[in-house]
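The structure appears right after this line, and notes come after that.
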Amino acid sequence: MNTDEIVRKIRENFEGEINIQAREVGVKKVKNETIFVRIKREDFKRFVRFLFEIEEFPHFSIISSTDLGEEVELIYHFSVGFGEFNGEKMISLGIKLPKSDLKIETITDLIPGALISEREIHEMVGVEFIGLKDTRHMFLPENWPEGKYPWRRDETFPEDMLNKLYETWKEGDKNE
Amino acid sequence: MSEDTTYTIPIGPLHPAIHEPITLKLQVSGEEIVGVDVICSQVHRGIEWIGMNRNHPIQSIYLAERVCGICNICHPLCMVQAVEKAAEIEVPERADYIRTIMAELERIHSHLLWAGVAAHEIGFDTVFHYTWALRENVMDLIEYLTGNRVTKAIMMIGGVRRDITDEGAKKIREGMKFYLSNFRKIEEIFLHDPTIKMRTRDVGILTKKDALELCAVGPVARSSGVPKDVRQDFPYAAYGDYGVKAILPDQYNGEIHGDVFDRIIVRLLEVKQSVNIINWALENMPSGPIISEKNLVRLKLRLKKAEGEGVGRAEAPRGEDIHYVRLQANREPFLSWKIRAPTYNNVLPWIPMLLGQQIADVPIVAASTDPCMSCLNRVTVVDTDKKKEFQITKEYMHDLSVKKTRRLIRNGR
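One line per chain: the protein sequences are A and B, in this order.
One point on numbering: in our numbering, the residue at position 33 of the first sequence is 33, and numbering is uninterrupted.
If you count the second sequence from 1, you need to add 1000 to reach our numbering.
Below you can see the structure in the form of structure tokens.
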């Protein structure tokens, strides 16, 4: 499916903002294309299901998050159409969540490979994934204080934990 | 032992069989693995955070290089591609070709490194030393071309920093000839040795369905029969001109098992493919500038004014690498930066690979995904809980420092 068809299908089914970012590379100027889609939170799960109409197993890369002040924007980076030369299109799906209600449905029931990424966003940004069973820390240690999120730019950022590298030493080290 | 008796065996965080810190909690019943849990985070260094809060995008190129000691072409390559898209900066054609050559040299060295490690895991240390001796050749080549063996510092936003001269091209051709002439021997050792085949055939199987559902990438996905290769699917740099075809194990012997042996096949064939791509790129390299904006101050100002977002993708030796970058006008560090190294997606497939295997197979199965932990984890955190043993105070440090000074004075007399 080419980019125009995908965009047409998205427009037919969803309300939102669509931007196409294309880059021409090399001497032959082959174009690779990323489709940025920004939709409402209510349509999120429906959109992920819609990706399964385009491809049997849509590839999920990562969730990125941006702190925009009053809200957090999550961007889910998917791609469809692998397997043929220049056939793959990136679909980056942006969802804005207000900080007062940082909740979104999990996609691990549809794409199990999204587990690590959801756990990471859960601990780094504090987004609650509705339906995510495994909410243990992935990258932060188990005794990480609750309510502190390193990727946020507000009062929940653990400011007092910065610049402590000198403490990475062993107390009671007998071989001093 | 009754059948429902299971034990948990922790492997790692530091374990001789796994070269980088990661913890595996294995539920075993007798010798058989019945449950797997993977625990990461031992070497998370907060690189994305530094890029988002402290560094300028140009500084972040060198930071991106330090994400991984092996993939230090593809991480900066992804990052600069993302920034170029976000700030709409052009890249000269010649730079695209140089980037391609560098990325392929990296793939050769990484795959040979992996082949050596894999041989070591199953106890073939002679093969390990032999493969790594072969690898030295490409390391020397990289050093000659970039000035560094490890962190190559060749990527720049809008191009590359060093050109490939005629002398350099000659050396690359010689190097590629060396690998082609030695390929037969590597193939003989790895693919025709009965012991290697016994240890790796039908071990650590990842089915095609699992690979697709768990979004596996790179050689791990390809050896399960999934033709995913960013160079083919989503061409960047000069790969659009070459037309890469994803390598599946059935191209070698007509069958796909999705096991460790298939992963060896895919990686070895990819070394040959890389050699071909490099030779082709040298033949077809266009002339012209290698960077679109030479003046760093001007580039810096342009980046400061830029507003936008971009996704950079590259096929690292271990699979798809992706960076997302968002720039905001009048803000020097990235507003947002997300790195997704290939191992990130290749950790979950460990679970189906290890289930039903024996404990003795853990090292080779884990190594077969070519895991790269420092790519996966990026923060160091200090425990400030005073009761814990692994914590020291400033006073203690100071005390240590004083003692050392006294010792030095005493010995000096």
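Glycine included, each C-beta is placed from N, C-alpha and C at the ideal position.
Quick check: the Cα distance between residue i and residue j, rounded to an integer number of angstroms?
i: Leu1354 (chain B); j: Val1365 (chain B); result: 7 Å
i: Ile1322 (chain B); j: Gln1358 (chain B); result: 34 Å
i: Glu12 (chain A); j: Asn2 (chain A); result: 16 Å
i: Leu184 (chain A); j: Arg1099 (chain B); result: This structure does not reach residue 184 (chain A), given that chain A is present from 1 up to 176, and the question cannot be answered.
i: Asp1210 (chain B); j: Ala1367 (chain B); result: 19 Å
i: Val1067 (chain B); j: Ile1050 (chain B); result: 12 Å
i: Gly81 (chain A); j: Cys1215 (chain B); result: 14 Å
i: Val1414 (chain B); j: Val1217 (chain B); result: Any property of residue 1414 (chain B) remains undetermined from this structure, which presents chain B solely from 1001 to 1413.
i: Glu1090 (chain B); j: Ser1041 (chain B); result: 37 Å
i: Asp1096 (chain B); j: Ile1247 (chain B); result: 23 Å
i: Leu77 (chain A); j: Glu1136 (chain B); result: In the sequence on display, residue 77 (chain A) carries His and not Leu. About 37 Å.
i: Asp1163 (chain B); j: Ile1290 (chain B); result: 7 Å
i: Met1285 (chain B); j: Glu1293 (chain B); result: 20 Å
i: Val1271 (chain B); j: Glu105 (chain A); result: 42 Å
i: Arg119 (chain A); j: Ser1287 (chain B); result: 47 Å
i: His122 (chain A); j: Asn1330 (chain B); result: 29 Å
i: Ala1086 (chain B); j: Phe60 (chain A); result: 21 Å
i: Leu102 (chain A); j: Pro150 (chain A); result: 15 Å
i: Met1001 (chain B); j: Trp144 (chain A); result: Its pLDDT being 45, under 50, Met1001 (chain B) is placed unreliably in this model, and the value from its coordinates should be taken loosely. Straight-line Cα distance between these residues: approximately 39 Å.
i: Glu1395 (chain B); j: Lys164 (chain A); result: Low confidence applies to Glu1395 (chain B): its pLDDT is 48, below 50, so where it sits in the model is not reliable, and the reading given next is rough at best. So the two alpha carbons sit approximately 14 Å from each other.
i: Ala1118 (chain B); j: Ala1314 (chain B); result: 24 Å
i: Ala22 (chain A); j: Ile1033 (chain B); result: 47 Å
i: Val25 (chain A); j: Phe85 (chain A); result: 14 Å
i: Thr156 (chain A); j: Gly126 (chain A); result: 9 Å
i: Trp1132 (chain B); j: Phe1183 (chain B); result: 14 Å
Name, in chain order, the residues that DSSP records as bridge partners for residue i.
i: Glu33 (chain A); result: A:Ala22
i: Thr66 (chain A); result: A:Glu73
i: Thr1008 (chain B); result: B:Gln1027
i: Asp1321 (chain B); result: B:Ala1314
i: Glu1032 (chain B); result: B:Ser1029 and B:Gln1358
i: Val1160 (chain B); result: B:Met1155
i: Leu93 (chain A); result: A:Val37 and A:Tyr76
i: Ile130 (chain A); result: A:Glu105
i: Pro98 (chain A); result: A:Glu71
i: Gly1218 (chain B); result: Paired residue(s): none; Gly1218 (chain B) is not in a bridge.
i: Leu1327 (chain B); result: B:Gly1308
i: Lys1338 (chain B); result: B:Tyr1324
Under a CB-based cut-off of 8 Å, is residue i close to chain A?
i: Asn1377 (chain B); result: A caution first: Asn1377 (chain B) carries a pLDDT of 49, below 50, which makes its placement in the model unreliable, though a value can still be read off. It does; some Cβ of chain A falls within 8 Å.
i: Ile1098 (chain B); result: no
i: Phe1234 (chain B); result: yes
i: Pro1057 (chain B); result: no
i: Pro1227 (chain B); result: yes
i: Val1382 (chain B); result: Only weak support exists for where Val1382 (chain B) lies, its pLDDT of 39 falling under 50; the coordinates are left without a value.
i: Ala1237 (chain B); result: yes
i: Pro1092 (chain B); result: no
Should residue i be flagged as near chain C, meaning a C-beta pair shorter than 8 Å?
i: Val1347 (chain B); result: Looking at the structure shown, chain C is missing, and the protein chains on hand are A and B.
Hey, does residue i have any beta-carbon neighbour from chain B nearer than 8 Å?
i: His122 (chain A); result: no
i: Val7 (chain A); result: no
i: Lys28 (chain A); result: yes
i: Glu88 (chain A); result: yes
i: Gly83 (chain A); result: yes
i: Asn13 (chain A); result: no
i: Phe60 (chain A); result: yes
i: Phe57 (chain A); result: yes
i: Gly16 (chain A); result: no
i: Val48 (chain A); result: no
i: Ile116 (chain A); result: yes
i: Ile75 (chain A); result: yes
i: Val25 (chain A); result: yes
Thinking C-beta only, is residue j closer than 8 Å to residue i?
i: Leu1105 (chain B); j: Leu1134 (chain B); result: no
i: Val48 (chain A); j: Leu140 (chain A); result: no
i: Gly1225 (chain B); j: Lys1208 (chain B); result: yes
i: His1257 (chain B); j: Asp1202 (chain B); result: yes
i: Ser92 (chain A); j: Ile54 (chain A); result: no
i: Ala1082 (chain B); j: Val1325 (chain B); result: yes
i: Arg41 (chain A); j: Gly16 (chain A); result: no
i: Pro58 (chain A); j: Glu1213 (chain B); result: no
i: Ile18 (chain A); j: Ile10 (chain A); result: yes
i: Lys28 (chain A); j: Asp1241 (chain B); result: yes
i: Val1028 (chain B); j: Ile1009 (chain B); result: yes
i: Val1150 (chain B); j: Asn1346 (chain B); result: no
i: Thr1343 (chain B); j: Asp1259 (chain B); result: no
i: Cys1071 (chain B); j: Arg1318 (chain B); result: yes
i: Pro1371 (chain B); j: Glu1020 (chain B); result: yes
- Kindly confirm or deny that the region 1074-1083 of chain B and the region 1152-1171 of chain B touch, where touching means at least three C-beta pairs closer than 8 Å. yes
- Task: May I ask you to verify whether the region 1331-1351 of chain B touches the region 50-68 of chain A, counting CB pairs closer than 8 Å and requiring at least 3?
- Result: yes
- Cβ contact (3+ pairs, closer than 8 Å) linking the region 1054-1062 of chain B and the region 1114-1122 of chain B: no
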